[in-house]
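Okay, so here's the structure we're looking at.
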């Protein structure tokens, strides 16, 4: 591994660890993810608990809570501590506009999130993050793991020359791309937005890579061939660098809260024809800035 990559990793792993009084935080890997215990998310949280969850969220990017029994109202109240709720893009008639039901059965022919992506990056203001509460897992408890990839680290592992090259580029994110082979809802207004290829996290100020295979169509400053080559290289970098990843294995009652601004995720569909069910609430974000 190149020295600049080692330096980037060391800068993260040697930081002074956060101290928590109201929760326990157990890292999943040295770089990404943590399991949180000692808290009941169905209850109203104290200001101290919210503050510590926010610090853990910024430090670890994806938080995993086990054995949580929550109603949709509990779920929305919890998410509301971190920002205004992000509405579901095309809610079913009569459904809660802020609660997306995630259901996979033997009749399913596609699964949301089965590929590396960040949520809704074709929107002008992609979500800050999501909280997914899984209530039913595949029979036997195996399959359906979600992988998360750290986009801070994806950027930091690039060579200095590549960072400089990407720093002046933008990319077009097209909301129709994830629907290829499927029919979007009739009332779905397809978003298309141009974002910088490299952005800064609005709270940490750290640079990160902001392109993904689900939504990013091309880099307008390059020829089509050049754009395809650069994007394919970056997508391959994200998919084939295990150091970027942490893996979450679901169990009934698990809630996962991830930072959509600095992570990509991949929901593996390896449990067909078994079923899985959960509910997701998202939080509004802001337009990414270079």
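In our numbering, the protein residues as written are 307 to 596.
Each residue gets a CB set at the ideal place from its N, CA and C atoms; glycine is no exception.
Roughly how many whole angstroms lie between the Cα atoms of residue 593 and residue 430?
6 Å
Please tell me whether residue 495 and residue 524 are closer than 8 Å, where the distance is taken between their beta carbons.
no
For residue 397, collect the residues of the same chain with a Cβ closer than 7 Å to its Cβ; drop the 5 residues on either side in sequence, then sort them by chain order.
403
Under 6 Å Cβ to Cβ from residue 555, same chain only, skipping five residues before and after it: list those, please.
451
So, with DSSP's three-state summary, where would you put residue 500?
strand
Measuring CB to CB, does residue 434 end up less than 8 Å from residue 534?
no
Going by CA-CA distance only, name the one from 458, 476, 509, 526 that's closest to residue 315.
458
From residue 549 to residue 345, what distance separates their C-alpha atoms?
29 Å
Cα-Cα separation, residue 514 to residue 586:
25 Å
Length at least 3, wholly inside the segment 524-578: the beta strand (DSSP E) runs in chain order
551-554, 560-565, 569-573
When DSSP builds the beta bridges, which residues end up paired with residue 454?
552, 571
Report yes if the CB atom of residue 381 is closer than 8 Å to the CB atom of residue 339, and no otherwise.
no
Three-pair Cβ contact test at 8 Å for the segment 536-548 versus the segment 557-567
no
Span of the alpha helix (DSSP H) holding residue 371?
Taken as a continuous stretch (DSSP letters only), residue 371 belongs to no alpha helix (DSSP H), being part of the beta strand (DSSP E) at 368-371.
Going by other Cβ atoms of all chains shown within 10 Å of its Cβ, with 16 needed for buried, is residue 560 buried or exposed?
buried
Cα-Cα separation, residue 461 to residue 504
8 Å
Using the Cβ count rule (16 or more neighbours within 10 Å means buried), how would you classify residue 582?
buried
Beta-bridge partners of residue 480, as assigned by DSSP
498
Would you decide whether residue 562 is buried or exposed? Buried here means 16 or more other CB atoms lie within 10 Å of its CB.
buried
Check whether residue 392 and residue 351 have beta carbons under 8 Å apart:
no
Counting pairs of beta carbons, one from the segment 319-339 and one from the segment 347-365, are three or more of them closer than 8 Å?
yes
Three-way DSSP call (helix, strand, coil) for residue 394 in this model
coil
Rounded distance between the beta-carbons of residue 484 and residue 521, thought under 8 Å:
7 Å
For residue 518, which residues of its own chain have a beta-carbon under 7 Å away from its beta-carbon, when the five flanking residues on both sides are left out?
422, 423, 424, 427, 570
Can you give me the start and stop residues for the beta strand (DSSP E) that residue 442 sits inside?
435-442
If I follow the unbroken beta strand (DSSP E) through residue 515, where does it start and stop?
513-515
Have a look at 486, 394, 321 and flag the residue whose alpha-carbon is nearest the alpha-carbon of residue 493.
394
Determine the closest residue to residue 580 out of 412, 313, 502, 506, with distance taken between C-alpha atoms.
412
From what residue to what residue does the beta strand (DSSP E) around residue 424 run?
First-last for residue 424: undefined, no H or E at that position.
Determine whether the beta carbon atoms of residue 547 and residue 463 lie at a separation below 8 Å.
yes
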